[in-house]
Amino acid sequence: MRPPAQTAAMGFWESLASVISGAGWRLGVTIALGAAGAAGCGRRETPVAAGNRDQVLLRGNASEPESLDPYLVRGAVEWTIVGGLFEGLVVPDLATLEPRPGAAERWEISADGLRYVFHLRAGLTWSDGSPLTTRDFEYGARRLLAPRLGSAHSENTLVFVRGARDYQAGRNPDWRSVGVRALDERTLEMQLARPTPFFLSALYLFFPVPQAVVEKHAPMDERVNNWIRPGHLVGNGPFRLKAWRQGQGVVLEHNPRYWDAARVRLREVHFLPIENASTEENAFRTGQIHLTSAVPLSKLDVYAREQPEALRVVDDRGVYFYSLNVARPPLQDRRVRQALSLAIDRERLARQVLKGGRQPAGHFTPPGIGGYVARAHLTFDPAQARRRLAEVGGSLPALELLVDAREHHRVIAETVQEMWRQHLGLTVTLRQQETQVLNSAKRGMDFQMVRGSWNATTYQDPYYFLGAWQTGGLYNEARWSHAEFDRWIEATWTTDLAAREAAFQRAEAIFLEELPAIPLFFSTQTFLMSPAVQGWRPVPFADRRLKELWLAAPAGRGP
Numbered sequence: 004m005r006p007p008a009q010t011a012a013m014g015f016w017e018s019l020a021s022v023i024s025g026a027g028w029r030l031g032v033t034i035a036l037g038a039a040g041a042a043g044c045g046r047r048e049t050p051v052a053a054g055n056r057d058q059v060l061l062r063g064n065a066s067e068p069e070s071l072d073p074y075l076v077r078g079a080v081e082w083t084i085v086g087g088l089f090e091g092l093v094v095p096d097l098a099t100l101e102p103r104p105g106a107a108e109r110w111e112i113s114a115d116g117l118r119y120v121f122h123l124r125a126g127l128t129w130s131d132g133s134p135l136t137t138r139d140f141e142y143g144a145r146r147l148l149a150p151r152l153g154s155a156h157s158e159n160t161l162v163f164v165r166g167a168r169d170y171q172a173g174r175n176p177d178w179r180s181v182g183v184r185a186l187d188e189r190t191l192e193m194q195l196a197r198p199t200p201f202f203l204s205a206l207y208l209f210f211p212v213p214q215a216v217v218e219k220h221a222p223m224d225e226r227v228n229n230w231i232r233p234g235h236l237v238g239n240g241p242f243r244l245k246a247w248r249q250g251q252g253v254v255l256e257h258n259p260r261y262w263d264a265a266r267v268r269l270r271e272v273h274f275l276p277i278e279n280a281s282t283e284e285n286a287f288r289t290g291q292i293h294l295t296s297a298v299p300l301s302k303l304d305v306y307a308r309e310q311p312e313a314l315r316v317v318d319d320r321g322v323y324f325y326s327l328n329v330a331r332p333p334l335q336d337r338r339v340r341q342a343l344s345l346a347i348d349r350e351r352l353a354r355q356v357l358k359g360g361r362q363p364a365g366h367f368t369p370p371g372i373g374g375y376v377a378r379a380h381l382t383f384d385p386a387q388a389r390r391r392l393a394e395v396g397g398s399l400p401a402l403e404l405l406v407d408a409r410e411h412h413r414v415i416a417e418t419v420q421e422m423w424r425q426h427l428g429l430t431v432t433l434r435q436q437e438t439q440v441l442n443s444a445k446r447g448m449d450f451q452m453v454r455g456s457w458n459a460t461t462y463q464d465p466y467y468f469l470g471a472w473q474t475g476g477l478y479n480e481a482r483w484s485h486a487e488f489d490r491w492i493e494a495t496w497t498t499d500l501a502a503r504e505a506a507f508q509r510a511e512a513i514f515l516e517e518l519p520a521i522p523l524f525f526s527t528q529t530f531l532m533s534p535a536v537q538g539w540r541p542v543p544f545a546d547r548r549l550k551e552l553w554l555a556a557p558a559g560r561g562p
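Numbering (the working numbering), first residue to last: 4 to 562.
Below you can see the structure in the form of structure tokens.
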């Protein structure tokens, strides 16, 4: 007889093909995970109950991953999976979010803050058993910064390293100019361009990459590479890739070669691409999954009132916004962008339509990031919005807003669309696309207005939100350029904290005057979680720390 977890996994794929459709799950079918787990005991068992017994975590994951390449992923759908497959030099402490040892057991920082030396744990291996050394981290850095790969991920990690910008931009092709060097198999040196107090936190998502595996399937800087497929992918995290079937899901299994494998209690994690939030909620309510990726807006009050123990609302230190293509008329005129912003009632959008702890965003940087609170503030002023519009002729052609296909993106877009119609007489067409299509449109600048959201998942500093809008920034989706803004961002690189604060304030004021993106609200991570899930902490993205989670059937309760 197969072990329980193996039985569950076998049933998973056989049933999923008939359960998942293009729009999500058809919940008239019960996942065979539960049926298979209960077959030997003569009673029906939900997938959640079977998972509790076998330490198999079942979670909704919003959509199909675009990639599992740690340097090409773009959003939460992928990061949760990748964070189980790979581990960086340092990891965040779930109680404090401060850096603690990951693959590196210790490190030293020079007195001037420019040199970091990391010492790897002894005996580290990849999931295939091959040795993992600092050369894998140096190769990871070289690949991340490869100009042809075009990874925007560098903006949040190695952009602070000496020579990194010039190397990635192709201005200096000599890798020796970049301040990342393997001194020996267990010692890695990083030299920074300037002191960066939050640099350790920026390394949370900097991972090693196995050169032999990557280059077996394609050149280092090729974006399409089968090294990320099951049977090929090699990682160093607490889990390894067991299966990935397009449109059906991803399965991770416990990695026995992980350095801290004895502390990893989950045997498997199943990520199910349930795109419809109502379908996902139904799956949770009927014992099909332990975790959802979101909560339908119509169900927030219901869960808060009737099942508060299942509802999780966490400040994720993020901002939700619409990027504007400033190269296309009429949005190249800042008065048009200002009119659009002035016509949005953020208070009503956040507190009455969305709820879930979301706050109106009168500026771009979430309050309290690194102790910074922006003084400049956007307002809701329909009369002023109409005056701005009158300055450019009083009317506009129809515009198009591109958003994801999920329910809450549609509700947000329809609410703002109606505000623009009511206060400006503006016609805006909504175009909903799957997330992968939307991301492709962003890369190709194939949009007028497009949904965006950023969360401070690594370092807690205003630079995370404002620095990305510098000219040529890889996350600058609007392709906006403003010389004075760039100068103030550069001025933030000082050890004078008062001068740094003032520079951020000036940069944000310029941003809010120019509005290459219109902030709407400060977001929360809102999801449903079974009481069987243990080890979770009420801090941003604690559900991504799969290593810390385990399952235990709630005492005296059903699944």
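Idealized CB from N, CA, C, for every residue including glycine.
C-beta contact flag for residue i and residue j at 9 Å
i, j, result
"residue 493", "residue 465", "no"
"residue 431", "residue 395", "no"
"residue 77", "residue 125", "no"
"residue 409", "residue 280", "yes"
"residue 357", "residue 452", "no"
"residue 225", "residue 185", "no"
"residue 481", "residue 329", "yes"
"residue 528", "residue 317", "yes"
"residue 526", "residue 479", "no"
"residue 1", "residue 537", "Nothing about residue 1 can be reported from this structure: the residues present for the chain run from 4 to 562 only."
"residue 429", "residue 399", "yes"
"residue 121", "residue 191", "yes"
"residue 205", "residue 241", "no"
"residue 352", "residue 370", "no"
Cβ neighbour criterion (16 or more within 10 Å) applied to residue i
i, result
"residue 547", "buried"
"residue 422", "buried"
"residue 219", "exposed"
"residue 158", "buried"
"residue 388", "buried"
"residue 227", "exposed"
"residue 81", "buried"
Under the three-state DSSP convention, the category residue i falls into
i, result
"residue 239", "coil"
"residue 220", "helix"
"residue 202", "helix"
"residue 209", "coil"
"residue 140", "helix"
"residue 274", "strand"
"residue 385", "helix"
"residue 540", "coil"
"residue 347", "coil"
"residue 481", "coil"
"residue 268", "coil"
Range covered by the beta strand (DSSP E) that runs through residue i
i, result
"residue 531", "520 to 531"
"residue 102", "102 to 104"
"residue 448", "Looking at the DSSP string, residue 448 is not in any beta strand (DSSP E), and its letter there is neither H nor E."
"residue 412", "No beta strand (DSSP E) contains residue 412, which is instead part of the alpha helix (DSSP H) from 410 to 427."
"residue 109", "107 to 112"
"residue 118", "118 to 123"
"residue 165", "Where residue 165 is concerned, there is no enclosing beta strand (DSSP E), given that its DSSP letter is neither H nor E."
"residue 184", "183 to 187"
"residue 407", "402 to 407"
Limits of the unbroken alpha helix (DSSP H) element including residue i
i, result
"residue 458", "Taken as a continuous stretch (DSSP letters only), residue 458 belongs to no alpha helix (DSSP H), being part of the beta strand (DSSP E) at 452 to 458."
"residue 84", "79 to 88"
"residue 517", "500 to 517"
"residue 282", "280 to 288"
"residue 326", "Careful: residue 326 lies outside any alpha helix (DSSP H), inside the beta strand (DSSP E) at 314 to 327."
"residue 463", "Residue 463 -> no alpha helix (DSSP H), and no H or E assigned at all."
"residue 303", "303 to 309"
Cut-off 7 Å between Cβ atoms - residues of its own chain near residue i, not counting five sequence neighbours on either side
i, result
"residue 63", "275, 277, 283, 286, 292, 294, 295 and 296"
"residue 213", "129, 139 and 237"
"residue 344", "381, 518 and 521"
"residue 197", "496"
"residue 411", "280, 297 and 300"
"residue 117", "194, 195 and 198"
"residue 94", "103, 105 and 207"
Other residues of its chain near residue i: CB distance less than 6 Å, five sequence neighbours each side excluded
i, result
"residue 24", "For residue 24, the predicted model reports a pLDDT of 37, less than 50, meaning its position is unreliable and no value from the coordinates is stated."
"residue 377", "366, 368 and 511"
"residue 209", "91 and 160"
"residue 9", "Summary for residue 9: the model assigns pLDDT 38, below 50, so the residue's position carries little reliability; its value from the coordinates is reported in the next sentence. So no residue of the chain qualifies."
"residue 201", "462 and 464"
"residue 74", "147, 154 and 156"
"residue 359", "303, 316, 527 and 529"
"residue 404", "416, 431, 433 and 452"
Proximal residues to residue i (C-beta, below 8 Å), its chain only, five neighbours per side dropped
i, result
"residue 169", "175 and 180"
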